[in-house]
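Heads up, the thing below is written out as structure tokens.
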Amino acid sequence: MSRPVTGTTSTAPSARQVWTRVRGTVLVLALILTGGLALATVRSTDAHGALDPRSADPQGSRAVAELLKARGVTVTLATTLAEATAATDTGTTLLVTTPDLLTDAQQSTLHSAMTGSATRTVLVGAGRASLGILAPGVISAPSAPVEERAPGCALPAATRAGSVDLGGERYETFPGSAAEACYRSDGLPTLLLLPGTGSGTGATDTVLLGSPDILYNSRLDQRGNASLALQLLGSQPHLVWYLPSLSDTSATSDTPAEDTTGNFLALIPSGWLWGTLQLALAAVLAALWRGRRLGPLVTERLPVALRASEATEGRARLYRKANARDRAASVLRTATRTRLAPLLGVPVQDAHSPDRLLPALSARLPETTADPRNLLFGPAPADDATLIRLADQLDALEREVRTS
């Protein structure tokens, strides 16, 4: 004898089941978040950018800055154009680490400070974007690899330093120029000194350094790198170390708002744009692959027997979740018409025809108070209460037919 089933059967997962399913994902996310926070905390203490005189990283420049201070040179760090121009005065060396980041307006302001105050200006890695304003008369040539190079010139600082690690930008000057060209690559210099430029008091020279490697912590103790760096930057008692930044407000003061997107895209390397395009194409192909047709559905027998109550409750939950009252009402009415047709003497294939079923029902129940047409062929219920009332009325109509 089977035991009576009490209560309802719930198909919703319990809290324990939900936790079992998601605990692996939660653990991975927690580990990633913890690792990211720890890494950010560690890196935020001492890390700075390349060529930063505060940085002890391999590509930082803390070593050369400390050596200059030991020689009595005052080092002032500037991260904005206003700080750099305010700190530049006579008897000052102005070092600009990445001049190509400066806008035309910034370059013009900086050039005025160079010619009016600075005794020497050192431009590191100056290319086509900045030479026209900061070093007129000099043209940028294709870059060369960084490697050991001999001076090949009579510049005292170069001859005393000897071979150093230089490369990067190469420079061309007009015929008859008094520029001192050193450390050549295929006949073009990677270090160029332009003497006596500007209209300020004293000689204001400009040094173009093709690559920043001699200033890196990791290369300072190799060959004559330290000697050349100290002579170029320590010739004056005061050094202004200017690190241009994209966050400098002077970079956008004269730039139209509509050009902001173009300037930003110009800073993105072409390799990243091609990589993004390839990733987008891969995503489209993956979507097409995952969205391919798997063929028609195949009916198969269930591996276990389900109680009718469980199947009914499961379907009801699906209908309720999708707010499919129209579908639920259609199923109820179809089942009722199918059961009523044999009782009324109507063929099963005509059970869903109002012209065949309703006259037979009216002849069987001439005095019924229910509206058979509205019950069996009416519109979809507007809410859940109307759907429940429809089910009760269909059940009552079927009992009335069976007992008549």
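With the first letter of the sequence shown counted as 1, position 62 gets the number 85 in this note's numbering; the numbers rise by one all the way through.
A virtual CB, placed ideally from N, CA and C, is assigned to each residue, including glycine.
Fair warning: this is a prediction, and the values are worked out from it, not measured in the lab.
- Ranked by Cα distance from T108, the first of L133, T126, E89 is L133.
- Ranked by how close their Cα comes to the Cα of R422, the residues T359, P404, A403 have T359 in first place.
- By the CB criterion at 8 Å, L262 and T116 fall inside the cutoff.
- About 18 Å separates the beta carbons of T99 and A86, which is beyond the 8 Å limit, so they are not a contact pair.
- In terms of CA proximity to R350, D406 leads the group D406, L420, G199, T391.
- In this structure V187 is in contact with R172, their Cβ atoms being roughly 7 Å apart against a cut-off of 8 Å.
- Here G337 is exposed, its C-beta having fewer than 16 other C-beta atoms within 10 Å.
- Distance from the CA of A202 to the CA of T196, rounded to the nearest whole angstrom, comes to 8 Å.
- Pairing D378 with D418, the inter-Cα distance amounts to about 22 Å.
- As the crow flies, the alpha-carbon of L60 is around 23 Å from that of V45.
- DSSP places R246 in no alpha helix (DSSP H); its state is neither H nor E.
- Annotation for S385: the continuous alpha helix (DSSP H) segment containing it runs 377 to 387.
- Excluding five sequence positions before and after L366, the CB atoms of its chain that fall closer than 7 Å to its own CB belong to V424, R425, given in chain order.
- The beta carbon of P81 lies closer than 7 Å to those of Y239, N240, S241 in the same chain, with the five residues before and after it left out.
- Non-local C-beta neighbours of A364 in its own chain, meaning closer than 6 Å and more than five positions away in sequence, comprise V371, A374, ordered along the chain.
- Check the Cα spacing between L399 and each of L413, L118, R183, W297: the tightest is with L413.
- In the DSSP assignment, D188 falls outside any alpha helix (DSSP H) and within the unbroken beta strand (DSSP E) covering 187 to 196.
- Within a 10 Å sphere around the beta-carbon of L54 sit fewer than 16 other beta-carbons, which makes this residue exposed.
- In the displayed model, T111 falls within coil according to three-state DSSP, outside both helix and strand.
- Each of G257, L329, G155, A408 was checked against the Cα of V96, and the nearest Cα belongs to G257.
- In the three-state scheme derived from DSSP, where H, G and I count as helix and E and B as strand, T299 is classed as helix.
- Pairing S84 with S37, the inter-Cα distance amounts to about 59 Å.
- Per the coordinates, the alpha-carbon of S376 lies some 11 Å from the alpha-carbon of A383.
- In the DSSP assignment, S163 is bridged to Y194.
- E192 is positioned such that its CB atom lies no closer than 8 Å to that of A152.
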